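Working notes, beginning with the structure itself.
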């Protein structure tokens, strides 16, 4: 079973920026890292004018484009599959999968907290999320889980490595 941890926060807090840096640290340590980004909105990686877009527009339910260095899959569905299914299907060759979003999942979570964005925590506010394993914040917080320095991606990577990869 591939290990996975979700980075959660309110929009605009810096999840993607922190994840970018954590990925660089984990890759430099030799780990194979997968990433899944949750998008509550509609997105399109298929652009008008491209053959792949034409094939999808023609009605293909699944379209995969492959080159010597990467592949992209466009698979239509009526609802997003469970995160566990996505990890099992597409990430079995990874050491760890980092996800962005998926606040309501049962996966372990690191909450990203930037005080100027919001002093309130998602996982330790009105509700107590038992899957919270740490908070990466720019403030000194007193919590029942480790509080990591939001501005020290190396320390966040150390925590991920020690908790999920060792």
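In UniProt numbering, the protein residues as written are 1 to 166.
From the three backbone atoms N, C-alpha and C, an ideal C-beta is built for every residue, glycine too.
Given the structure is predicted, the values throughout are model-derived calculations rather than measurements.
For residue 149, the uninterrupted beta strand (DSSP E) segment begins and ends at 147-149. Contact check between the stretch 6-20 and the stretch 70-79: fewer than three CB pairs, one atom from each, fall below 8 Å, which does not count as touching. Minimum Cα-Cα distance from residue 21 among the listed residues 163, 151, 126 corresponds to 151. Here the alpha carbons of residue 1 and residue 92 stand approximately 7 Å from one another.
DSSP lists 75 as the bridge partner or partners of residue 62. Judged by their CB atoms, residue 129 and residue 31 are not nearer to each other than the 8 Å cut-off. The C-alpha of residue 62 lies about 33 Å from the C-alpha of residue 110. Judged by beta-carbon spacing, residue 124 lies beyond the 8 Å limit of residue 148, meaning their Cβ atoms are not closer than that value.
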